[in-house]
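Read top to bottom, the protein sequences are chains A and B. All residue numbers for the first sequence refer to the working numbering, where the first residue is 8 and numbers rise by one. All residue numbers for the second sequence refer to the working numbering, where the first residue is 8 and numbers rise by one. These notes concern the structure reproduced below.
Number of protein chains: 2
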Amino acid sequence: MKSLYEIRFSGSGGQGIITAGMVLGEGASLFDGKYVVQTQSYGPEARGGACKTELIIADYPVNYPKPILADILLAMSQAAYDKYIHEIKDDAFVVVDSSLVQYKPAKGVYPVPITKLAAEEVGLKVTANVVALGVISSLTKIASYEALERALLSRVPRGTEEINKKALALGKKLEFKDNV
Amino acid sequence: MKSLYEIRFSGSGGQGIITAGMVLGEGASLFDGKYVVQTQSYGPEARGGACKTELIIADYPVNYPKPILADILLAMSQAAYDKYIHEIKDDAFVVVDSSLVQYKPAKGVYPVPITKLAAEEVGLKVTANVVALGVISSLTKIASYEALERALLSRVPRGTEEINKKALALGKKLEFKDNV
């Protein structure tokens, strides 16, 4: 494990990208003892358009974020993938929603049909952001599964706890192979 | 109106400070046509402790935030007030939850018993963050009331729309006087 990770979650408005970042940030800090800074930008074009949040998760206090080369990239839309795939470190983990994105196979690129899994396995497409978190936890160990689950359950609307737990748990079942 | 505002919302964990910032950021960008960058930090100490989010709302695209002197400060806890009251511009608006904070009267400092109003007028203490947003909109015009309401309603759990609208609307009824 490194002592500092730069993380970028990106996709379209309405996919819950920023919420996923908040769950990761809260989980890593409150329950895993890390320091986290999270940034999101909104523009007039954000409506249904590109959307991203960036986190720095570190073992020590961090001040303000700078434009980053990601250690971990989540790309949930074609536009997000095209825009950010080159802004990564050599040893980055890249998780691509292969049900939405045409990607180029490469070392460190993990295609997972996230939105399709959310619709078919969880039964609710809008849980794709939570499925993505489960995948990232399972693959990268950036936050413990327990921390994410606690942060998730403190944030989701009452009555949706079970379906969200199911969505998060999906990631644990997957086997990851570099797509090369 | 200035063309760029620096805004700091601060309080305790669990008060919905970060959510309030997201509603403001989404409202200002999606419905008022502004550019927004929002940052929040979490530390292991955040649990029940200090909590803040910072936004830059501008008429033009902004990159990354720097440590800021606020144009608008919301202080929902004593610790937040004590920590940030000196990090403001000369012409800043300061909104203090006077039901929770001992503050020093000064030009630009607006005491509002936010949490008390949420409990007594709305009937639900946890809407204090939404009451605060209504107060800030009414006082500073940083985002239009309509934009905030649309952003709010797209974010709150189904079934809580009416109580959240009521909480936001409270700010419109208040009369503001500098407390000097």
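Even glycine gets a Cβ: it sits at the ideal position worked out from N, Cα and C.
Where residue i sits in the DSSP three-state scheme
i	result
residue 61 of chain B	strand
residue 73 of chain B	coil
residue 85 of chain A	helix
residue 79 of chain B	strand
residue 13 of chain B	strand
residue 183 of chain A	coil
residue 144 of chain B	helix
residue 167 of chain B	coil
residue 118 of chain B	strand
residue 92 of chain A	coil
residue 150 of chain A	coil
residue 99 of chain B	strand
residue 32 of chain A	helix
residue 129 of chain A	helix
residue 108 of chain B	coil
residue 20 of chain B	coil
C-alpha distance - residue i paired with residue j, whole-angstrom precision
i	j	result
residue 139 of chain A	residue 11 of chain B	35 Å
residue 153 of chain B	residue 58 of chain B	27 Å
residue 115 of chain A	residue 81 of chain A	12 Å
residue 151 of chain B	residue 144 of chain B	7 Å
residue 24 of chain A	residue 17 of chain A	6 Å
residue 106 of chain B	residue 113 of chain B	17 Å
residue 102 of chain B	residue 130 of chain A	44 Å
residue 43 of chain B	residue 183 of chain A	36 Å
residue 67 of chain A	residue 41 of chain A	7 Å
residue 28 of chain B	residue 123 of chain A	32 Å
residue 9 of chain B	residue 110 of chain B	27 Å
residue 85 of chain B	residue 70 of chain B	31 Å
residue 60 of chain A	residue 26 of chain A	9 Å
residue 89 of chain B	residue 100 of chain B	16 Å
residue 169 of chain B	residue 36 of chain B	23 Å
residue 93 of chain B	residue 83 of chain B	15 Å
residue 167 of chain B	residue 38 of chain B	21 Å
residue 135 of chain A	residue 125 of chain B	34 Å
residue 155 of chain A	residue 155 of chain B	30 Å
residue 73 of chain B	residue 108 of chain B	27 Å
residue 176 of chain B	residue 176 of chain A	40 Å
residue 149 of chain B	residue 149 of chain A	37 Å
Proximity below 8 Å, CB of residue i to CB of residue j
i	j	result
residue 120 of chain A	residue 98 of chain A	no
residue 171 of chain B	residue 181 of chain B	no
residue 137 of chain A	residue 174 of chain A	yes
residue 77 of chain B	residue 96 of chain B	yes
residue 30 of chain B	residue 162 of chain B	yes
Residue i at chain A interface by Cβ criterion, 8 Å
i	result
residue 22 of chain B	no
residue 137 of chain B	no
residue 109 of chain B	no
residue 178 of chain B	no
residue 50 of chain B	yes
residue 84 of chain B	no
residue 68 of chain B	yes
residue 36 of chain B	yes
residue 40 of chain B	yes
residue 164 of chain B	yes
8 Å Cβ cutoff, residue i in contact with chain B
i	result
residue 134 of chain A	no
residue 44 of chain A	yes
residue 156 of chain A	no
residue 32 of chain A	yes
residue 141 of chain A	no
Expected contact under 8 Å - CB spacing of residue i and residue j to nearest Å
i	j	result
residue 117 of chain A	residue 15 of chain A	In fact, because the Cβ distance is near 15 Å, the residues do not count as touching under 8 Å.
residue 75 of chain A	residue 147 of chain A	16 Å between Cβ atoms; not a contact.
residue 63 of chain A	residue 127 of chain A	That pair is no contact at about 34 Å.
residue 47 of chain A	residue 45 of chain B	5 Å
residue 157 of chain B	residue 32 of chain B	13 Å between Cβ atoms; not a contact.
residue 50 of chain A	residue 19 of chain A	Not really, about 13 Å apart at Cβ, beyond 8 Å.
residue 178 of chain B	residue 142 of chain B	4 Å
Cβ-heavy atom distance, residue i to the ligand ADP, below 7 Å
i	result
residue 46 of chain B	Looking at this structure, you won't find the ligand ADP or any other ligand, since it has none at all.
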